[in-house]
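One structure is given here, and the rest of the page talks about it.
Residue numbers (this note's numbering): 116 to 259.
Here you go:
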């Protein structure tokens with residue numbers, strides 16, 4: 116399985132954790148890579164090293180739950196009522212939703228692992244405040 120597929124599912128988990136811990140509705144920007152990924156999130160306050168350790172721990176706890184990843188297709192009307200469709204083409208009538216156990220459900224057209232346990236260990240490599248309310252998180256995965 117490619118590193119990008121594992122990274123993509125890890126990004127979904129990170130986004131769910133950022134929503135839970137800091138109220139970040141979604142990532143503002145993302146660059147998905149084979150070896151490293153970066154995501155920017157709106158946060159209510161500057162994040163420090165303790166926050167970074169907490170984020171890493173919570174993402175790894177979700178990975179360890181080894182939850183299934185599934186896909187459903189719903190109508191655009193149903194999706195508009197439930198999700199932020201900012202990445203969905205405006206003419207799409209059927210929306211593909213990727214669900215990770217009870218952690219996250221997000222409209223997405225990308226490939227994902229079958230279970231979170233396939234991701235490996237999430238390693239938060241760095242975090243920096245891009246502005247007083249936007250944090251950039253860089254992460255990688257360790258398959259050991």
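Where a beta carbon is used, it is the ideal one built from N, C-alpha and C, also for glycine.
Quick check on DSSP: helix, strand or coil for residue 234?
coil
Can you check whether the CB of residue 203 is closer than 8 Å to the CB of residue 222?
yes
Check whether the Cβ atoms of residue 218 and residue 182 sit closer than 8 Å, and answer yes or no.
In terms of Cβ geometry, residue 218 and residue 182 form a close pair [threshold 8 Å].
Just to confirm the assignment, what range does the beta strand (DSSP E) spanning residue 255 have?
Its beta strand (DSSP E) spans residues 249-257.
For residue 260, which of helix, strand or coil comes out of DSSP?
Coverage of the chain is limited to positions 116 through 259, which leaves residue 260 absent and any answer about it impossible.
For residue 104, I'd like the list of residues in its chain whose CB is within less than 7 Å of its CB, leaving aside the five on either flank, ordered along the chain.
Absent from the structure is residue 104, since the part of the chain shown begins at 116 and ends at 259.
In whole angstroms, what separates the C-alpha of residue 243 from that of residue 153?
Their backbone Cα atoms lie some 11 Å apart in a straight line.
Within 10 angstroms of its Cβ, does residue 158 collect 16 or more other Cβ (buried), or is it exposed?
buried
So, does the CB of residue 126 fall closer than 8 Å to a CB anywhere in chain B?
In the displayed structure, chain B is absent; only one protein chain is listed.
Counting only the same chain and skipping the five closest in sequence on each side, list residues whose C-beta sits under 6 Å from that of residue 232.
181
Give the secondary structure of residue 195 by DSSP, where H, G and I count as helix, E and B as strand, and everything else as coil.
Correct three-state label for residue 195: helix.
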